[in-house]
């Protein structure tokens, strides 16, 4: 990501004065910090060497190094998901989440004409829990998909996570094919017999009619507005403490400023060029070959400013302390994603997770599972998961859904006409309206 901002008059050299107060103190000092002797991590030494060699780095470059560096990156060296990790995702909370997303993809596949091929692509697959829940729905609805050629495509940069995903989804009943230098670096067959492949980049996934799920950590760049114009927030070595990092402002314009809208009213903006590239790629593919994309993440519709944060042991963590030991994240700006689709596809949302899941029938599904369960502990687990997903103060209002679909999807091209209608009557896109297909 890029972080850019504007501040009151004054010299840019006064770096601390121009960094948003949320970043300077109350936000990042409120979380967990490591003991002093543990703060100089191998990643910190790597970053200090890098900055000494090439100068201050962008927030996006910092996040990329900290999270995905092949030797020292957090995603490479840590098992960060679940109760023992640093954060829990919606799929880890309740099986219902993944089941309803499986229904969403089947609903869209039906609405867009039941193509002979069904390619499910997931970016940021975590442990593979979500894909596993979706595949279970595919198996349960095998009669609906019986004439469909299904394949799974996971985009994952972490070798460690890809191995966990493979174990979750295949149990290695059929030996995996591994080819480190290939765009498809691993292949296998799921427990239900569906071909599955792993890639490091979305562009390596074969083109076709596919349905994409994105739950990806975004890399932001951070522009800040000054009297001299927008200036990007960078990360540098603290001149007073040689093994400590700090935020500074770029002394001159950087490419990140090109992403700022002329009518922008915020003083501090986070933009994500990498996410823009992904959305442009998806929009191009969907407009040409059909399919749909569903994005689920913490986010906003162009209203928030400072969302860059770290998590360690499920607590907020100073993003510049002990890099490589905590997860880094930022909220998605869905208004930016909408612009990046460039009108090639229709966009829907963002809407809250609470609204999306309710439209998808979570209350009905919960009742079915509760009625089938005689085990008190399982019933309580289901109820706790439901409350975590739906409570506005937990994930219900904080997590959002956003979709990209072909323009013709909203114009009803694939729907049959009622005898009294002169034009097809489009059903609402599942989740963003009440689910029509059951």
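Residue numbers (the numbering used here): 2 to 439. Think of the CB as a built atom: it goes at the ideal place given N, C-alpha and C, for glycine as much as any other residue.
Check                                                                                                              : Outcome
Alpha helix (DSSP H) segment containing residue 137, residue limits                                                : 130 to 141
Runs of beta strand (DSSP E) wholly within the segment 173 to 206 (minimum 3 residues, chain order)                : 185 to 190 and 196 to 200
Residue interval of the alpha helix (DSSP H) (run including residue 246)                                           : Per DSSP, residue 246 belongs to no alpha helix (DSSP H); it is in the beta strand (DSSP E), 246 to 250.
Helix, strand or coil at residue 70 according to DSSP, with G and I counted as helix                               : coil
Burial state of residue 72, where buried means 16 or more other Cβ atoms lie within 10 Å                           : exposed
DSSP-derived helix/strand/coil call for residue 360                                                                : helix
Extent of the continuous alpha helix (DSSP H) to which residue 171 belongs                                         : 160 to 171
Nearest to residue 128 (by Cα), restricted to the options 305, 112 and 155                                         : 155
Residue 278, enclosing alpha helix (DSSP H) - first and last residue                                               : 274 to 290
Given residue 281 as reference, the closest of 344, 237, 324 and 100 once Cα atoms are compared                    : 344
Complete alpha helix (DSSP H) runs within the segment 318 to 396 (minimum length 4 residues, chain order)          : 335 to 341, 354 to 360, 363 to 373 and 377 to 391
Which residues DSSP lists as bridging residue 304, in chain order                                                  : DSSP output for residue 304 lists no bridge partner at all.
8 Å Cβ cutoff met for residue 159 and residue 77                                                                   : yes
DSSP three-state assignment for residue 221, whether helix, strand or coil                                         : coil
Between the CA atoms of residue 247 and residue 291 - distance to the nearest angstrom                             : 45 Å
Classification of residue 206 by the beta-carbon crowding that lies within 10 angstroms, buried from 16 upward     : buried
Inter-residue spacing [alpha-carbon to alpha-carbon] between residue 267 and residue 179                           : 47 Å
Outcome for residue 194 when other beta-carbon atoms lying within 10 angstroms are tallied against a minimum of 16 : exposed
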